[in-house]
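*Asks:* Chains as they are written, first to last, in full-length UniProt numbering: chain H, 1 to 457; chain X, 1 to 457. For every residue, glycine included, the Cβ atom is placed at its ideal position computed from N, Cα and C. Below is a structure I'd like to ask you about.
Now the structure itself:
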């Protein structure tokens, strides 16, 4: 029982689709953030579910770790093979298998990226709404329970995956869920696999809920002197039932970075960026009502538009936000934090975080999906100065402690991976043990993404 | 190790809150539908989580079955102690523990009913939207993953429970979820427990998502000659992104029953009943646009109103639908079926079901939550004539087979219990085995609601 024996058998199975070249191993040993590189022993490129099942049987027989890989955009090192073994790259399982416009759903393979899927959907008048920013793979987004700017309206991956096909540790292929919109037929295994970060099985197929492209879209931006006013405006908008498609917060430091990067002229203070989806009359009314609410909470200079060029400019600013912030410190690497709190605690959490960063030796502009109570500080560190990474980790640690104290979670949308593992015991208490019991029931040898998500894995 | 030994210990624990009177046993041995009565050995009325945990430790030690009981309104015999043991009635754990209007959530004990909760919420401007018709307990609704008329807008219990406290088979008390609106911190244990029908643990506390009471509500009703036209109108309304709060289908037989029961004057043909929640201008626009879509699909006589008295009359008709249908056959009992299919298959599923019932010896008006693809035939049987119950079971069986063939589920919202157990292998395949493996990991002795939901339980 050994990794070399597994690789030999996998090589017979996959031929030249089991790759051990240094370049490929290096590529699959890197994460997008600050984690140390950690190349796997091999990279597999399966083409079918049957190949994934055969691969899994070999790896179980030989006790070889198996780690899934989508687009490599995860932020907590979820896809790094920290105990060696084989990385399963789904690049060749990236097809749209079926689109059913009348049911507003589709079935895809895990390797397709969300942007590629939305290109394929364009002619149908439908779109897949979950938007984490990065052009992640759909399988990876499911595995980390990703969300992003549109979750306030359309939900997270939890809400948008109707069913799955998955290969378990022992090579069994299961199907979860149906194409019905709802069901009360037993345990929600779809929901259990979504967010499991490859520790319970590998997803080989997903059925996704789609949305109709809105007839009209309006977007706007509004400045605030104080973070708590911006948050209060969002709370009131939600309570009034005004359906926001996106509602994003940027702090003064982020606004400054946007200005420097793209020549924008935002006042350097906190802002809300908002978008509405609906009918022409609907989005106009919603923007108008939001404007009134923003006014009541000392919002300044709210302007909105339904013109596509204006909208594109606004969201390009937000979507490029990460790169704008990265560019604001020469040669910097980012540690991207991710906490989520009850919305009543959001202003406090953002304000305390901002003060903490202001008192530190590094910059860290803040962006947030404020409708969900979720925000990120983009902590910028000089890779040549290890004390800056230490400082970033200290700030991130304090953010998580703050989130848990305020009734929130250590990770709103980036997942656990390696980076948040140490907080699971505190966040979940004995429920974390239960996660481990489920893990051991389904993967008794612990070959699936070892070292991640559950205790003693 | 025995049930009598367990009852003795439970009696010491709970004193007069462990009840063994014939009347109480009989009351907790009945279901609302056709299942044979099955009284438990005792009924426990715990008052605290600690008591539930102590009860569970005793029952594990003695191998005594434990079955949860909310309001006793489940439709598939979920709460019947079919292997004897103790029924845990949550009637004394029925408090609202905290309402947090600014976060639009609340924390409640499982025994509170949804109507009682909504009375408590009234002054806050918020409401709990899941509406299965019956005045079920919130704990029971979570355990069966209930939904009902509003799921098309607000989702099912899966979407509206943010977190839980639960007591596991070994007496451990776990907390799942946080008060943050989203999280990607590990396995979704909240989602695993919701819909688990008391086979993994007993829920002792729930944190629920609330909604703002809409500023305006409009309701309408529209007749159609053909079921497929009604369904096509619904599909187009969904595709246009017009946010319906309820969209209910009733067939000609149901319309006739409503007329006979309440003196309504509906034409005896299929109908849609619809409701919109939003701003004054919004609900008026939505009703108008729905009217245009209904017109295109040969809808007749669409009328709508935002006046509360008109709305109440319309929904009283739908809410009393079950009783109106029951009254349409003297002395009848009902077998209530429950399937859910992809919406593109809904017209076919309803039409084939209607034809099947028309060719049978019993009546069975059809009601449906058509926005979800979910519908019920209320099969009316004379309890004195066993051949009618047999016929109803045959019709229900054929409905389930039809749903599964069409890519749907054996149960949209009533759950598995005893009535749908035989379909789980076909619906889930090997995924049903996985449910059993999770069950055995968390309840190795199988004391929690034995005989339900998973194989060999």
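Taking C-beta to C-beta, are residue 113 of chain H and residue 142 of chain H nearer than 7 angstroms?
*Replies:* No, these two residues do not count as a Cβ contact at 7 angstroms.
*Asks:* Confirm, please, whether the CB-CB distance from residue 111 of chain H to residue 134 of chain H is below 7 angstroms.
*Replies:* No. Outside cutoff.
*Asks:* Starting from the C-beta of residue 166 of chain X, find all residues in its chain whose C-beta is less than 6 angstroms away, skip the five residues before and the five after it, and write them out in chain order.
*Replies:* Excluding residues within five positions, the ones whose Cβ falls inside 6 angstroms are 174, 193, 201, 203.
*Asks:* Using a Cβ-Cβ distance cut-off of 7 angstroms, determine whether residue 191 of chain H contacts chain X.
*Replies:* Interface residue, yes.
*Asks:* Output yes if chain H places a C-beta closer than 7 angstroms to the C-beta of residue 419 of chain X; else output no.
*Replies:* Output row for residue 419 of chain X: interface = no.
*Asks:* Give me the chain X residues within the contact set of residue 248 of chain H, using Cβ-Cβ distance strictly less than 8 angstroms, ordered along the chain.
*Replies:* Within chain X, no residue comes near residue 248 of chain H; the closest Cβ sits about 15 angstroms away, beyond 8 angstroms.
*Asks:* Can you check the stretch 211-254 of chain H for any beta strand (DSSP E) of at least 3 residues that lies completely inside it and give the ranges in chain order?
*Replies:* Here the runs fully enclosed are 216-223, 244-250.
*Asks:* Tell me, please, whether the stretch 337-349 of chain X touches the stretch 141-158 of chain X by the rule of three or more beta-carbon pairs shorter than 8 angstroms.
*Replies:* With a cut-off of 8 angstroms, the stretch 141-158 of chain X and the stretch 337-349 of chain X do not count as touching, because too few Cβ pairs lie within range.
*Asks:* Is there at least one Cβ from chain H nearer than 7 angstroms to residue 186 of chain X's Cβ?
*Replies:* True, the Cβ-Cβ gap to chain H drops below 7 angstroms.
*Asks:* Do residue 27 of chain H and residue 18 of chain H have their C-beta atoms closer together than 7 angstroms?
*Replies:* No; because the gap between Cβ atoms is not below 7 angstroms, this pair is not in contact.
*Asks:* In three-state DSSP terms, what is residue 194 of chain H?
*Replies:* It is coil, neither helix nor strand.
*Asks:* Mind checking the stretch 87-119 of chain H against chain X and listing, in chain order, the residues whose C-beta falls within less than 9 angstroms of any C-beta there?
*Replies:* Cβ contacts with chain X: 100, 101, 102, 103, 104, 105.
*Asks:* When DSSP builds the beta bridges, which residues end up paired with residue 374 of chain X?
*Replies:* Paired residues: X:340, X:369.
*Asks:* Going by beta carbon distance, what residues of the same chain come within less than 6 angstroms of residue 87 of chain H, once the five residues before and after it are set aside?
*Replies:* Excluding sequence neighbours, residue 87 of chain H sits near 28, 40, 43, 67, 69, 81.
*Asks:* Considering only DSSP beta bridges, list what residue 69 of chain H is partnered with.
*Replies:* For residue 69 of chain H, which the question treats as bridged, DSSP gives the partners H:89.
*Asks:* Is the CB-CB distance between residue 224 of chain H and residue 299 of chain H below 7 angstroms?
*Replies:* Contact: yes.
*Asks:* Under 9 angstroms between beta-carbons, which chain X residues line up against residue 235 of chain H? List them in chain order, please.
*Replies:* Those are 102, 103, 104, listed as they occur along chain X.
*Asks:* Does DSSP put residue 329 of chain X in a helix, in a strand, or in coil?
*Replies:* In the structure shown, residue 329 of chain X sits in coil (DSSP, three-state: anything other than H, G, I, E or B).
*Asks:* What whole-angstrom Cβ distance do residue 403 of chain H and residue 341 of chain H have, given they're in contact under 8 angstroms?
*Replies:* Contact flag correct, Cβ pair sits at about 5 angstroms.
*Asks:* So which of H:219, H:358, H:180, H:65 has the shortest CA-CA distance to residue 410 of chain X?
*Replies:* Among H:219, H:358, H:180, H:65, the Cα nearest to that of residue 410 of chain X is on H:180.
*Asks:* Cα-Cα, which of X:418, X:131, X:355 is closest to residue 458 of chain X?
*Replies:* Limits of chain X in this structure are 1 at one end and 457 at the other, which puts residue 458 of chain X out of reach.
*Asks:* Residue 410 of chain X touches chain H at which residues, Cβ-Cβ below 7 angstroms?
*Replies:* Simply 185.
*Asks:* Residues of chain B with a CB under 9 angstroms from the CB of residue 176 of chain H: which are they?
*Replies:* In summary, chain B is missing from the structure at hand, where the protein chains are H and X.
*Asks:* From residue 278 of chain H to residue 237 of chain X, what does the alpha carbon distance come to, in whole angstroms?
*Replies:* Cα to Cα, residue 278 of chain H sits roughly 13 angstroms from residue 237 of chain X.
*Asks:* Taking the C-alpha atoms as reference points, what is the distance between residue 154 of chain H and residue 241 of chain H?
*Replies:* Computed Cα separation, rounded: 14 angstroms.
*Asks:* Helix, strand or coil, according to DSSP, for residue 288 of chain H in the structure here?
*Replies:* Three-state result, residue 288 of chain H: helix.
*Asks:* Helix or strand or just coil, what does DSSP make of residue 300 of chain X?
*Replies:* Strand.
*Asks:* Identify whether residue 106 of chain H lies in helix, strand or coil by the three-state DSSP scheme.
*Replies:* It is a strand residue.
*Asks:* Using three-state DSSP, classify residue 165 of chain H as helix, strand or coil.
*Replies:* Note: residue 165 of chain H maps to strand in three-state DSSP.
*Asks:* 7 angstroms is my cut-off, CB to CB: does residue 373 of chain H come that close to chain X?
*Replies:* Closer than 7 angstroms: yes.
*Asks:* Flag this pair as touching only if the stretch 309-328 of chain H and the stretch 370-384 of chain H have three or more C-beta atom pairs under 8 angstroms; answer yes or no.
*Replies:* They touch, by the three-pair rule.
*Asks:* Give me whichever residues DSSP pairs with residue 273 of chain H in a beta bridge.
*Replies:* Answer is H:221, H:248, bridged to residue 273 of chain H.
*Asks:* For residue 170 of chain H, collect the residues of the same chain with a Cβ closer than 8 angstroms to its Cβ; drop the 5 residues on either side in sequence, then sort them by chain order.
*Replies:* Taken in chain order, the residues that qualify are 56, 57, 60.
*Asks:* Applying the 10 Å Cβ sphere with the 16-neighbour rule, what's the burial state of residue 93 of chain H?
*Replies:* It is buried - the Cβ of residue 93 of chain H has at least 16 other Cβ atoms within 10 Å.
*Asks:* Could you confirm whether any beta carbon from chain X is found closer than 7 angstroms to the beta carbon of residue 384 of chain H?
*Replies:* Not closer than 7 angstroms to any Cβ of chain X, the Cβ of residue 384 of chain H fails to qualify, so no.
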